Amino acid sequence: MKIGGLMNLTLLDYPDKVACTVFTVGCNFRCPFCHNNTLVCGNGGRQISENEILSFLQKRSGVLEGMCLTGGEPLIQSGVEDFLRKVKELGYSVKLDTNGAFPDRLRAIIEAGLVDYVAMDVKNSRKRYAETAGCTTDTGAVEQSVELLKSGVVDYEFRTTVTGNYHDEQNIEDMARWLVGAKRYYLQKFVNSGDLIDGSTVGCGDDAMRRYLEIVKQYVPSAELRGI
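Numbering (my numbering), first residue to last: -2 to 225.
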């Protein structure tokens, strides 16, 4: 496991849990609007050992309820299953953030009981997926992960970071049609973190976000906005 960061406390990343967030290094995607360029591309910074993380979790037992594993893309990490097993043995709930590119590994982790909540990014409509992911993409694999989560094997949410460059009404509607039946779906407003893969990425206004939500709700009534 390559770990590049630890947020000691979060009340936002894990729904209804007091948690910490562990950031893995590296990703198979290069989304232009990614706000974790340093982590995704593995550029600099001190790596944190698994033992440091586990020691921290032992000390915070009874204070923290959960751990969020994010990235980068955690499922490219060798040893992720062993790490999650050790976290679960300490009594923590686990939330996994993933881009859905590895459905077989995702299924195995779920079936092994190593994750309690999955947040999967859905980048765009199938037509613009590769462009939005910043690389050649196996959309079939992403579709498998979507269907796996929709089947209810674990608690989950889908989420889309909405930009002004890569998203419009047609893309949003195409995604919503794809996600019919989803338990939870969030449209997240793009925010420039200052650590982007492509600094030319722009956001969209609140009015556009509300308009997109109206479109999505025709297909996923439970959809909500984040970031406005």
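We put the beta carbon where it would ideally sit given N, CA and C, even for glycine.
Here the structure is a predicted model, which means the values were calculated and not measured.
So, residue i versus residue j, is the Cβ gap smaller than 8 Å?
i	j	result
Ala173	Tyr126	no
Tyr163	Glu221	no
Val112	Val151	yes
Tyr209	Lys180	no
Leu146	Val177	no
Thr158	Phe30	yes
Ala109	Glu144	no
Arg102	Leu72	yes
Met206	Phe80	no
Gly131	Phe20	no
Kindly give me the distance between the Cβ atoms of residue i and residue j, rounded to whole angstroms, as I take these residues to be in contact under 8 Å.
i	j	result
Tyr11	Lys92	5 Å
Glu70	Ile0	Actually they do not touch by this definition, with Cβ atoms about 13 Å apart.
Phe155	Val119	5 Å
Leu36	Gly2	7 Å
Ile225	Asp203	5 Å
Does residue i come out as helix, strand or coil in the three-state DSSP assignment?
i	result
Gln215	coil
Ala98	coil
Glu62	coil
Leu222	strand
Lys230	Given a span of -2 to 225 for the chain in the structure shown, any question on residue 230 remains unanswerable.
Lys14	coil
Ile106	helix
Phe30	coil
Leu111	coil
Leu193	coil
Leu72	helix
Asp204	helix
Val165	Correcting the residue type first, residue 165 is Asp in the shown sequence and not Val. The answer is coil: DSSP assigns Asp165 none of H, G, I, E or B.
Thr133	coil
Leu81	helix
Name the DSSP beta bridge partners of residue i, please?
i	result
Phe20	Gly2 and Thr67
Ala116	Asp94 and Glu154
Val199	Paired residue(s): none; Val199 is not in a bridge.
Thr7	Ala16
Val159	Lys186
Ile226	Since the first residue shown for the chain is -2 and the last is 225, residue 226 is missing from the structure and cannot be characterised.
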